[in-house]
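Notes to accompany the following structure.
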Amino acid sequence: MDESGLIKQAQQGSHEAFSVIMRKYEQKVFHLAYSFVQDRAAADDLAQEVFIKTYFSLPKFRFQSEFGTWFYRVAVNHIKDYLRKTARRKEVSLEDVEERRLAVEDKIPAGEKAQADEQRKKMVFQMLETLPQKYRMILTLRDVRGLPYEEIGQVLGISPGTVDSRLHRARKMLRKKMMPFIVQEGGGL
Amino acid sequence: MKCKDAEKRLLRSFDGKLEGAARADLDSHIKACPRCRQRQKEYGVLLKNLKIEDVQPLPYFWERLAAKLRERERVEPWTVWAKWSRRTVPVALALILLFAGAVAFLGPHEEDLSQSEALLLRNTNPLAEAKSLFEETKLENKNMMIIFASDEKDPTRR
Numbered sequence: 001m002d003e004s005g006l007i008k009q010a011q012q013g014s015h016e017a018f019s020v021i022m023r024k025y026e027q028k029v030f031h032l033a034y035s036f037v038q039d040r041a042a043a044d045d046l047a048q049e050v051f052i053k054t055y056f057s058l059p060k061f062r063f064q065s066e067f068g069t070w071f072y073r074v075a076v077n078h079i080k081d082y083l084r085k086t087a088r089r090k091e092v093s094l095e096d097v098e099e100r101r102l103a104v105e106d107k108i109p110a111g112e113k114a115q116a117d118e119q120r121k122k123m124v125f126q127m128l129e130t131l132p133q134k135y136r137m138i139l140t141l142r143d144v145r146g147l148p149y150e151e152i153g154q155v156l157g158i159s160p161g162t163v164d165s166r167l168h169r170a171r172k173m174l175r176k177k178m179m180p181f182i183v184q185e186g187g188g189l
Numbered sequence: 190m191k192c193k194d195a196e197k198r199l200l201r202s203f204d205g206k207l208e209g210a211a212r213a214d215l216d217s218h219i220k221a222c223p224r225c226r227q228r229q230k231e232y233g234v235l236l237k238n239l240k241i242e243d244v245q246p247l248p249y250f251w252e253r254l255a256a257k258l259r260e261r262e263r264v265e266p267w268t269v270w271a272k273w274s275r276r277t278v279p280v281a282l283a284l285i286l287l288f289a290g291a292v293a294f295l296g297p298h299e300e301d302l303s304q305s306e307a308l309l310l311r312n313t314n315p316l317a318e319a320k321s322l323f324e325e326t327k328l329e330n331k332n333m334m335i336i337f338a339s340d341e342k343d344p345t346r347r
């Protein structure tokens with residue numbers, strides 16, 4: 001059965017049809033959630049909530065847009081709500097980041113390189129969390145998830161031109177926030 | 190090229206959206222401008238650190254999801270009703286409109302009603318006038334009232 005047939009069945013309440021459609025999007029949604037929370041268990045919970053929300057919102061889908069885009073929009077909106085509710089845009093303690101930076105700058109034994117890389121990433125993501133939501137959202141969709149401009153525009157309901165300008169502003173903001181922690185030589189962190 | 194424009198182009202170049210002459214202009218600017226060269230490195234490092242490895246969901250993702258769905262459907266039976274009501278509401282509205290139309294067209298019209306029926310339809314006591322007639326003690330007045338009442342109620346009688 002094709003996707004629209006399965007969607008119609010799922011709209012009538014068929015869990016089986018719903019599961020068949022959603023399996024196609026399982027990884028995409030989980031990775032999207034993970035990009036925002038960077039915690040496997042939290043991302044798992046969030047992805048499940050997205051699927052549950054989609055199931056109950058399915059009767060609202062009127063086949064006027066592509067299902068994948070509609071679904072991704074539901075997912076992004078749910079994640080936005082989640083982030084708002086959990087107030088994850090907490091301010092990062094500068095002392096905390098400073099400690100990490102120093103640790104990264106020290107001579108690192110080869111075996112600890114992976115750990116240092118991990119810490120560096122953590123620092124960047126912590127700073128990303130402090131950005132206003134619309135900039136955090138676009139940076140995550142583009143630079144973390146690698147979505148094309150057109151798809152980001154459809155999901156966020158903005159034009160590709162706005163995607164371009166917002167992304168530009170978001171990257172500049174992130175760089176500015178990271179500036180105190182960027183080691184000038186070689187642009188390393 | 191100004192550094193501000195170079196930064197814009199630089200950021201586009203990370204998305205592979207810079208080609209031909211624009212790319213060549215940027216490259217020559219970066220070669221000549223240490224500030225922009227530094228900025229290119231900084232953005233490069235930042236964007237590299239935003240890439241994360243894909244992680245897998247926890248085991249039994251679908252089994253857990255199916256259980257949650259069943260649970261929510263039990264807890265929120267109204268959602269099932271909401272799903273169906275979406276379809277039944279327009280049908281119910283159409284039926285109500287049809288019934289109202291039928292009553293308006295096929296129902297009794299005031300000119301077809303007797304006086305008592307018309308008064309009852311207007312929620313007026315049809316016996317009020319008769320009561321005052323019966324209560325009138327003076328015969329003269331009573332006769333006049335009968336004459337006027339019959340004159341009012343039957344326009345054909347003159």
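Heads up: the protein sequence lines correspond to chains U and B, in order. In terms of my numbering, the first sequence opens at residue 1 and continues consecutively. In terms of my numbering, the second sequence opens at residue 190 and continues consecutively. Cβ coordinates follow ideal geometry from the N, Cα and C atoms, glycine included.
- In this model, residue 232(B) and residue 175(U) are separated by some 7 angstroms (Cα to Cα).
- Contacts with chain B at 8 angstroms (Cβ-Cβ) include residue 30(U).
- Relative to residue 42(U), the option among 164(U), 79(U), 152(U) and 114(U) whose CA is nearest is 79(U).
- Considering only beta carbons, the part of the stretch 44-60 of chain U lying closer than 7 angstroms to chain B consists of 44, 47, 48, 51, 52, 55, 56 and 59, in chain order.
- The Cβ-Cβ distance between residue 235(B) and residue 178(U) falls below 8 angstroms.
- Only buried fits residue 30(U), as 16 or more other CB atoms lie within 10 angstroms of its CB.
- The beta carbon of residue 3(U) sits closer than 8 angstroms to the beta carbons of 21 and 67 from its chain, once the five residues preceding and following it are set aside; these are given in chain order.
- Put simply, the CB of residue 232(B) is near chain U, with a gap under 8 angstroms to one of its CB atoms.
- Counted as a single uninterrupted DSSP element, the alpha helix (DSSP H) harbouring residue 209(B) occupies residues 209-221.
- Residue 209(B) and residue 190(B) have their C-alpha atoms roughly 16 angstroms apart.
- Contact between the stretch 118-131 of chain U and the stretch 211-226 of chain B is absent: fewer than 3 CB-CB pairs across the two stretches fall below 8 angstroms.
- Using a CB distance cut-off of 8 angstroms, residue 255(B) counts as an interface residue toward chain U.
- Flagged as an interface residue toward chain U: residue 261(B), by a C-beta distance shorter than 8 angstroms.
- For the stretch 157-183 of chain U, the set of positions with a beta-carbon nearer than 7 angstroms to some beta-carbon of chain B reads 168, 171, 174, 175, 178 and 182 in chain order.
- The contact set of residue 243(B) on chain U, defined by CB atoms closer than 9 angstroms, consists of 27, 30, 31 and 34 in chain order.
- Here the C-alpha atom of residue 16(U) lies approximately 12 angstroms from the C-alpha atom of residue 256(B).
- For a Cβ distance threshold of 7 angstroms, residue set 15, 52 and 55 of chain U lies close to residue 258(B), ordered along the chain.
- Here DSSP, grouped into helix, strand and coil, assigns residue 308(B) to helix.
- Going by beta carbons, residue 140(U) and residue 51(U) fall outside the 8 angstroms limit.
- Between residue 62(U) and the set 5(U), 27(U), 85(U) and 134(U), the nearest pair of CA atoms involves 5(U).
- Only residues of its own chain outside the window of five on either side were considered, and among them none has a CB closer than 6 angstroms to the CB of residue 216(B).
- Pairing residue 239(B) with residue 144(U) gives a Cβ-Cβ distance under 8 angstroms.
- A straight-line Cα-Cα distance of about 10 angstroms links residue 197(B) and residue 207(B).
- In terms of Cβ geometry, residue 86(U) and residue 71(U) do not form a close pair [threshold 8 angstroms].
- Counting C-beta atoms within 10 angstroms of its own C-beta, residue 171(U) has 16 or more neighbours from the protein chains shown and is therefore classed as buried.
- Annotation for residue 13(U): no alpha helix (DSSP H) segment contains it, and DSSP assigns it neither H nor E.
- Residue environment: residue 125(U) is assigned as buried (16 or more neighbouring CB atoms within 10 Å of its CB, all protein chains considered).
- Closest in C-alpha terms to residue 167(U), from the list 195(B), 200(B), 279(B) and 221(B), comes 200(B).
- For the pair residue 75(U) and residue 246(B), the CB atoms are not nearer than the 8 angstroms cut-off.
- Closest by C-alpha distance to residue 136(U), out of 25(U), 169(U), 9(U) and 112(U), is 169(U).
- Residue 330(B) sits in a helix when the DSSP states are folded into three classes.
- In the DSSP assignment, residue 190(B) falls outside any alpha helix (DSSP H) and carries neither an H nor an E.
- In this model, residue 250(B) and residue 44(U) are separated by some 8 angstroms (Cα to Cα).
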